[in-house]
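Visitor: One structure, as structure tokens, below. Some questions next.
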Amino acid sequence: DFKTSAVNEKNEYTTYNIELTEKLQNAENKIESLANTNNELETNLDTANNLSLELKDFKTSAVNEKNEYTTYNIELTEKLQNAENKIESLANTNNELETNLDTANNLSLELK
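Shown next, in the form of structure tokens:
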């Protein structure tokens, strides 16, 4: 009876050890899978961080370019305003010259 009991107990421990070994192997597999997933996530995070930096650089560049265009547009608007003022001044001068020419022609006719 003692021998049978000892053999049965040994078999129970062997079965339990097999179960524990299987659970340990499953846990190791899960750890390896999680480690791989963690590595992938870290790689993805690095990629995302790099893209974020690139986008910040792009945004800064775009803002700088926008500011340059804004400054240039202000300069062009000022030049356009100056040109329009000059055109108006020349048109006024032209009108005065035409009036003076008409007056001169009339005087010339009167003198004849």
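Everything in the sequence shown is counted per the numbering used here, starting at 18 for the first residue and increasing by one. The beta-carbon is built from N, C-alpha and C at its ideal position, and this holds for glycine as well. It should be emphasised that the depicted structure is a prediction, and the values quoted were computed from it without experimental measurement.
(1) In whole angstroms, give me the CA-to-CA distance for SER131 and ASN61.
(2) Between GLN98 and the rest of its own chain, which residues show a CB-CB distance below 6 Å, the 5 nearest in sequence each way excluded?
(3) At which residues does the alpha helix (DSSP H) containing ASP119 begin and terminate?
(4) Please list, in chain order, all residues of the same chain as LYS96 whose beta carbon is under 8 Å from its beta carbon, the five residues on each side excluded.
(5) How big is the Cα-Cα spacing for LEU58 and LEU72?
Guide: Reading from the atomic positions:
(1) The structure shown does not extend to residue 131, since the chain is modelled only from 18 to 129, so the question has no answer here.
(2) Locating residue 98 in the sequence shown gives position 81, counting from the first residue. Taking C-beta separations shorter than 6 Å and ignoring five residues to either side along the sequence, GLN98 has no partners in its chain.
(3) For the purposes of this step, residue 119 is taken as the residue at position 102 of the sequence shown. For ASP119, the enclosing alpha helix (DSSP H) covers residues 19-128.
(4) In the sequence shown, counting from the first residue as 1, residue 96 sits at position 79. Within the same chain, and ignoring the five residues on either side of LYS96 in sequence, no residue has its Cβ closer than 8 Å to its Cβ.
(5) The count along the sequence shown starts at 1 and reaches residue 58 at position 41. The count along the sequence shown starts at 1 and reaches residue 72 at position 55. For LEU58 and LEU72, the distance between alpha carbons rounds to 20 Å.
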